[in-house]
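K.L.:
Following this message is one structure expressed as structure tokens.
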Amino acid sequence: MARIQAITMHNFKASGRNRHIGLPECAVLTGPNGSGKTQNLQAVKLAITGSLPEANVGSTAGVFKLANNGPGVDEMSVGLVMDNGFSFSRSWIRKTRHDPGTGRTSETVSQDIELAPEREERKLAEKEARIKAECGLDPIMVDVQSFLGMSNDKRRDFFYQLGGAGAVEVEQVTGILTRQSNRMSAHSRKAFDSLIEQAEKRWAQPGNGNLEKLLSWLDERKKAAALDVRRATAATAHLSRVKERQQTVAGDLESLKTDLARARDEKEQLAGEMAKRDALAAAVREREERLGELAGKVAGLKEPGAEKIGGLRKELAGVEAALDKLRNANTIKRKELRAATEKASGLVEETDARLQAAHDELVGLVRQSEAAKAMGELKDRLCESCRKLVGELTDLTERIGAARKAEDEIAAELTGARDRATRAAKAESDFMRESLRAENELGRRLEDIPRRIEDAERAEATRKADLEAAETTLRRMRENKLEEPLPAEQTEARLQGLRTRIGELEERLEAKQEEENEIRLQLEAIAEAQAAETRLYCAKQAIKLLGPSGLKGELVKQTLDPIRYEVNECLRLFGIVGKQFSFRMVDGRGNEVFDFGWNDRSGRFVAFDSLSTGQQTMLLASLVAVICRRSNSPLKLLALDNLEVVSSDNAVAFYNGLPAVAQYCGLDNVLAATSKEIDHPLPKNLVMIRFPLEQETEEEQEAEKRVAEAVNA
1 MARIQAITMH
11 NFKASGRNRH
21 IGLPECAVLT
31 GPNGSGKTQN
41 LQAVKLAITG
51 SLPEANVGST
61 AGVFKLANNG
71 PGVDEMSVGL
81 VMDNGFSFSR
91 SWIRKTRHDP
101 GTGRTSETVS
111 QDIELAPERE
121 ERKLAEKEAR
131 IKAECGLDPI
141 MVDVQSFLGM
151 SNDKRRDFFY
161 QLGGAGAVEV
171 EQVTGILTRQ
181 SNRMSAHSRK
191 AFDSLIEQAE
201 KRWAQPGNGN
211 LEKLLSWLDE
221 RKKAAALDVR
231 RATAATAHLS
241 RVKERQQTVA
251 GDLESLKTDL
261 ARARDEKEQL
271 AGEMAKRDAL
281 AAAVREREER
291 LGELAGKVAG
301 LKEPGAEKIG
311 GLRKELAGVE
321 AALDKLRNAN
331 TIKRKELRAA
341 TEKASGLVEE
351 TDARLQAAHD
361 ELVGLVRQSE
371 AAKAMGELKD
381 RLCESCRKLV
391 GELTDLTERI
401 GAARKAEDEI
411 AAELTGARDR
421 ATRAAKAESD
431 FMRESLRAEN
441 ELGRRLEDIP
451 RRIEDAERAE
461 ATRKADLEAA
471 ETTLRRMREN
481 KLEEPLPAEQ
491 TEARLQGLRT
501 RIGELEERLE
511 AKQEEENEIR
521 LQLEAIAEAQ
531 AAETRLYCAK
541 QAIKLLGPSG
551 LKGELVKQTL
561 DPIRYEVNEC
571 LRLFGIVGKQ
581 FSFRMVDGRG
591 NEVFDFGWND
601 RSGRFVAFDS
611 LSTGQQTMLL
621 ASLVAVICRR
631 SNSPLKLLAL
641 DNLEVVSSDN
651 AVAFYNGLPA
661 VAQYCGLDNV
671 LAATSKEIDH
681 PLPKNLVMIR
691 FPLEQETEEE
701 QEAEKRVAEA
711 VNA
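Residue 110 in our numbering sits at position 110 of the sequence shown, and the numbers go up by one each step.
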């Protein structure tokens, strides 16, 4: 994808110097006629395609007529700057040559293209191919005012070209013609095969390889053959009598058609009255439903909210009491746990002291034991009394064992005391944490309830206001009664009678048309130039097969039929709801037509020409935006010119919806131009550019008008 960031111009129309105009993604160009809006749109298309066929500007010399015709102007250029770093500019250079021998002056105009960044492009065709690869073949530019004035056939051709329906292969065309040839008589088949062969040769010629050129050629052949038939039958004596009969039948046909048209008009008028009646009945039903809804709303709003506020205040008092109670209980429990912790710590200290005393006693006994052992070695040399003393010392071993056992028991008791002290300290810590959490939770509830009371009081005030508004609306609706719809029996009977008469007239018309066809066949049989008749028949058959009622019409249908959902979505973005895009290729009598519009909520088809100009513009913008979305062009650009046809009551919806449609369709740039002043706020993603631009002088505006007059001349 790529987006145009700016337009560059030099000597293009009224621009007498270099000009660089920045473009947002979605812009509306406003200003009086001749102020330069269309100039900028043309500059974009001219930069991409190198021509402006809608302005009858195609050749290189013809394009140069758009240059500012000031003195010394021999070069004109237009270009685009893209947001992906790519930019290009087309230049048209005029060179003048004077022949001294003849005294004549001649001039030539050449074209050049500059690309940035360049690759390997050297030839003009290679540069053209680069522009096509970066920007596509042709931007979609629509003159809205011109489109609204087109005939239905011209509009069909517009969608045929816009949707790329012209991209048809010669094999498809010849295949259709060949199948028709196989159904013909031997004489007609020979002439038809010759026509197919000529069509293939013409298709192969440069510039003629598309369906539109082929249809134009076939139309020329049809006209020439018809002229030959008329010339050949002019001298036939019988022809005058047949023509008299033909005139009589034609008069009858016209009379029947007039009667039929009147009956159909009366039927349409009656159908409009019935539609109005149905709309009134629907309005009455809608009013009753609305009254029921309002009554239900009033009943629901009458339930007061004071009880809820009182309940919240009771809850506030209960939470405050619970918090005080919890804090008192927690204080008592903390004191109990503190005392248990201190008691466990004292027990640890007492047991530790006992352990130290037992250890000291054990050390003394061990020392006595060691002394006894030393004296045992001397007992043989001691006196009797000393031996008795040694015997007493040897009893220390049992006392040492007992002392060791006592020390171990006290150590185990110390370990247990320490465990109890640890558990007591942990219990105290856990309770402190949990009690604080509970107190904080109640504190948060205590802080939240006043806010809830305020919310409930505001809700109560809102309820009372809503109740008063709903009761007022209900009272007014009951006072303003709608007109009751008329009974349907009488109009239904009239409508049935008109249907019967229309059916009878159609049968009589069909019989007269058969008679007219018979006369036409007699006229063809009278003709002496059978070959001319055959040529005319073959050309008509080919046009029928390839034209609007055949291949061309089918291609238009293939363009429009798949995009119904997307067009409906775009209409919704423009604020048009309940409408379904639709088109038809034949009318209710089977006649070939091309008409598009939408189906309303009742399924009734509303033709494009029956819509307001604002509705027409939004439907047209939806169609071309979706077609642009489905194109394979790298640059999806949509330009809408002459939007002043949009009425003021539709302008707000159109300009508010345009950026949303552009985003939905993935368009890179949207340019909308109007000479009507926009006096309402635009959405922030739709930028207004006022013309003439500030740097545009009065001389440049006058030069713009002179260039336009020269081109038109």
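For glycine and all other residues, C-beta sits at the position ideal for the given N, C-alpha and C.
In this text the structure is predicted, and so the values were computed from the model without any measurement.
Give me the Cα-Cα distance between VAL626 and MET585, rounded to the nearest whole angstrom.
P.N.:
20 Å
K.L.:
Which value, in whole angstroms, describes the spacing of the CA atoms of GLN663 and ARG3?
P.N.:
13 Å
K.L.:
Using CA coordinates, which residue listed in THR38, VAL78, LEU256 is at the minimum distance from ALA511?
P.N.:
Minimum Cα distance to ALA511 is reached at LEU256.
K.L.:
Between GLY603 and GLU592, what straight-line distance do the alpha-carbon atoms span, to the nearest angstrom?
P.N.:
22 Å
K.L.:
Examine the ligand ZN and report whether any of its heavy atoms sits within less than 7 Å of the Cβ of GLU398.
P.N.:
Annotation note on the ligand ZN: not contained in the displayed structure, which lists no ligands.
K.L.:
Tell me the DSSP secondary structure of LEU351 in three-state form.
P.N.:
First, the residue type needs correcting, since residue 351 is Thr and not Leu in the sequence shown. THR351 falls in the helix class under three-state DSSP.
K.L.:
Do VAL44 and LEU66 come within 8 Å of each other at the CB atom, strictly closer than that value?
P.N.:
No, the pair does not count as a contact, with Cβ atoms beyond the cut-off.
K.L.:
Would you mind stating whether ALA6 and LEU218 have Cβ atoms separated by less than 8 Å?
P.N.:
no
K.L.:
For ILE21 and HIS680, I'd like the C-alpha separation in whole angstroms.
P.N.:
25 Å
K.L.:
Cutting at 6 Å between CB atoms, please list the residues of its own chain near ASN762, excluding the five before and the five after it.
P.N.:
Absent from the structure is residue 762, since the part of the chain shown begins at 1 and ends at 713.
K.L.:
For GLU569, collect the residues of the same chain with a Cβ closer than 7 Å to its Cβ; drop the 5 residues on either side in sequence, then sort them by chain order.
P.N.:
Excluding residues within five positions, the ones whose Cβ falls inside 7 Å are TYR664.
K.L.:
Express the C-alpha separation of GLY550 and PHE12 in angstroms, rounding to a whole number.
P.N.:
43 Å
K.L.:
Can you give the Cα-Cα distance for SER51 and ASN40, rounded to whole angstroms?
P.N.:
14 Å
K.L.:
Determine the burial state of SER631: buried for a count of at least 16 other Cβ atoms within 10 Å of its Cβ, exposed for fewer.
P.N.:
buried
K.L.:
Between the Cα of SER146 and the Cα atoms of ILE689, THR613, THR500, PRO692, which residue gives the shortest distance?
P.N.:
THR613
K.L.:
What does the Cβ neighbour count give for SER181, buried or exposed, with the cut at 16 atoms within 10 Å?
P.N.:
buried
K.L.:
Check this for me: beta carbons of ALA424 and ALA340, under 8 Å apart or not?
P.N.:
yes
K.L.:
Quick one, are the C-beta atoms of ALA61 and SER87 less than 8 Å apart?
P.N.:
no
K.L.:
With contact counted as at least three CB pairs below 8 Å, one residue from each stretch, are the segment 650-662 and the segment 170-177 in contact?
P.N.:
No, because fewer than three Cβ pairs between the segment 650-662 and the segment 170-177 fall closer than 8 Å, the two stretches do not touch.
K.L.:
Work out the CA separation of ARG520 and SER226 for me, nearest whole Å.
P.N.:
Ser is not the amino acid found at residue 226; the sequence shown has Ala there. C-alpha separation (whole angstroms): 13 Å.
K.L.:
Helix, strand or coil: how does DSSP classify SER647 here?
P.N.:
coil
K.L.:
Just to confirm, is the Cβ distance from ALA47 to VAL78 under 8 Å?
P.N.:
Yes.
K.L.:
Along the beta strand (DSSP E) that carries GLN111, what are the first and last residues, could you check?
P.N.:
105-116
K.L.:
Please name the residue in LYS373, LYS190, ILE309 whose C-alpha comes closest to that of ARG452.
P.N.:
Of the candidates LYS373, LYS190, ILE309, the one whose C-alpha sits nearest the C-alpha of ARG452 is ILE309.
K.L.:
Can you look up ALA6 in the DSSP assignment and give me helix, strand or coil?
P.N.:
Reduced to three states, the DSSP call for ALA6 is strand.
K.L.:
Can you look up ARG202 in the DSSP assignment and give me helix, strand or coil?
P.N.:
helix
K.L.:
Might you give, ordered along the chain, the residues of its own chain that have their beta carbon closer than 7 Å to the beta carbon of ALA235, omitting 5 neighbours on each side?
P.N.:
In this prediction, ALA235 scores a pLDDT of 41, lower than 50, which makes its location untrustworthy; the coordinate-derived value is nonetheless stated afterwards. Excluding residues within five positions, none has a Cβ falling inside 7 Å.
K.L.:
Less than 8 Å between the C-beta atoms of ILE502 and ARG221, yes or no?
P.N.:
no
K.L.:
Just to confirm my understanding: we take GLU704, look at its own chain, exclude 5 residues before and 5 after, and list those with CB closer than 7 Å. What are they?
P.N.:
For GLU704, the predicted model reports a pLDDT of 48, less than 50, meaning its position is unreliable and no value from the coordinates is stated.
K.L.:
If the criterion is Cβ atoms closer than 8 Å, does the pair ARG287 and MET477 meet it?
P.N.:
Between ARG287 and MET477, the C-beta spacing is below 8 Å.
K.L.:
Give me, in chain order, the residues of the same chain whose beta-carbon lies closer than 6 Å to that of ASN599; leave out the 5 immediate sequence neighbours on both sides.
P.N.:
GLN580, SER582, PHE605
K.L.:
What residues match up with GLU714 in a beta bridge as DSSP calls it?
P.N.:
Examination of residue 714 is not possible in this model, given that the chain is present from 1 through 713 alone.
K.L.:
In the structure shown, what three-state DSSP assignment does THR30 receive?
P.N.:
strand
K.L.:
In chain order, what residues of the same chain lie with their CB nearer than 8 Å to the CB of SER647, ignoring the 5 residues before and after it?
P.N.:
The answer, listed in chain order, is SER612, THR613, GLY614.
K.L.:
If we call anything under 8 Å between Cβ atoms a contact, is LEU667 one with SER622?
P.N.:
The beta carbons of LEU667 and SER622 sit no closer together than 8 Å.
K.L.:
Take SER106 as the anchor and find which of ILE113, ASP112, VAL556, LYS95 has the nearest alpha-carbon.
P.N.:
With distances taken between Cα atoms, SER106 lies closest to LYS95.
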